[in-house]
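In the working numbering, the protein residues as written are 8 to 430. Some notes on the structure that comes next.
Here it is in structure tokens:
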């Protein structure tokens, strides 16, 4: 089904997105009836979304000094923790009224940006929480040249464990590129999407108390590409592999229980193409993988489309593929609440079909639940307590020339009865 246009709130002005997505620049999370939005301008805006009707009402706003892009946000200890992509790569904790509790600049550990270019800035890639701590994965990318003149990728990265007062309880440092975290009271799982240096493990599961590795896993593929996302289960984990475009279930020691092809190389009209599985969410009811853009094995451009690009794929915990459904375009992240997940659909940079822009809701076991169509691209989403929220950004496709959509927050009711405890 497709929802009616939901009540919205204006988020201010932002330069429109273009045909190719340029990385995250907005974030949203839900906490105690508030939707807290991190914006491309670096500020935070909190909206009351508990009402059944009318647009979301702005409760408070926290302005910064113009540093770019809050890119990740998570509820923690009665407040919210946010992370930036900025020169300082800051992690901040705010209370429920927006007041600053503590802050930490990751550039202290990662080093200064090589240049003031977006993709070279320190980047807080992921946040996760348990009862006692907030975990953060931050990285900084730079380009290097070896003695023979070959261009090399290099990452500096740190995983942090923060106490409620901002104390750093431990860190885990590598030269891999962390992309995603998941955590419970005992473990912190870290997915590394690129491993160009000494660190050669796409997945590391750390002890939550001291940061020591429990076990490590890698798809064992050639090249730098490794793992796109990870979700913990009580008896192991589920991971999406960038190395071979498959999904894996691993036991509590990192041994493989099953492997499911998701968007593996396929011949389409004489062109061999694939798509990366970028996200995974798992519960005791099963797992859902979400794939991204089509790429050819040779070069970057192609007229072919992988049949499983931009697709949500539901899999049982026995490894049986149960359902699949389109997500419209590239999803930069997922909103999750038990067995309910919200997928924000941004640009399909090859087809540029504005009719595909939407927030889509899925149940882990049963598949599609609801769709909220939007004019612009949906770039961030959160779901919980019977409510889903989504950030829409305006977009200008290069072959159209006019702007679609606006920078705004959407709210829509969900079928909360589909949710259940994740673990």
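All C-beta atoms, glycine included, are put in the ideal place defined by N, C-alpha and C. Note that the structure is a prediction, hence the values are computed from the model and not measured.
Taking 3 residues as the shortest admissible run, the region 364-391 contains the following complete beta strand (DSSP E) segments, listed from N- to C-terminal end: 365-370, 374-380, 384-391. By the Cβ rule, the region 284-304 counts as touching the region 314-324, because three or more pairs are nearer than 8 angstroms.
Between residue 126 and residue 146, the CB-CB gap reaches or exceeds 8 angstroms.
Cβ-Cβ distances below 8 angstroms link residue 138 to 192 in the same chain, with the five nearest sequence neighbours on each side left out; the list follows chain order.
Rounded to the nearest whole angstrom, the CA to CA distance from residue 281 to residue 250 is 11 angstroms. Across the structure, residue 61 and residue 314 are spaced so that their CA atoms are roughly 40 angstroms apart. Under the three-pair Cβ rule at 8 angstroms, the region 386-402 counts as touching the region 338-349. When the beta-carbon positions are compared, residue 252 and residue 266 stay at least 8 angstroms from each other. DSSP, read as helix, strand or coil, puts residue 51 in strand. Apart from the 5 residues on each side of it in sequence, residue 405 sits with its Cβ closer than 7 angstroms to the Cβ of 25, 26 in its chain, given in chain order. A Cβ-Cβ separation of about 5 angstroms places residue 290 in contact with residue 371 under the 8 angstroms criterion. Shown here for residue 231: same chain residues with a beta carbon closer than 8 angstroms to its own, the five before and five after excluded, namely 160, 201, 202, 203 in chain order. Under the DSSP assignment, residue 324 falls outside any beta strand (DSSP E); it carries neither an H nor an E label.
For residue 126, the three-state secondary structure derived from DSSP is helix.
Beta-carbon to beta-carbon, residue 257 and residue 189 are separated by about 13 angstroms, too far to satisfy the 8 angstroms threshold. Residue 54 and residue 16 do touch by the CB rule: their CB atoms are close to 5 angstroms apart, below 8 angstroms.
With respect to the 8 angstroms criterion, residue 362 and residue 355 are not classified as neighbours on the basis of their beta carbons. Judged by DSSP in its simplified three-state form, residue 344 adopts strand. Between residue 180 and residue 195, the gap from beta carbon to beta carbon reaches 8 angstroms or more. Note that the C-beta distance between residue 222 and residue 209 is not below 8 angstroms. Counting along the chain, residue 421 sits inside no beta strand (DSSP E), nor does DSSP assign it H or E at all.
Nearest neighbour of residue 77 by Cα position, chosen from 102, 93, 233, turns out to be 93.
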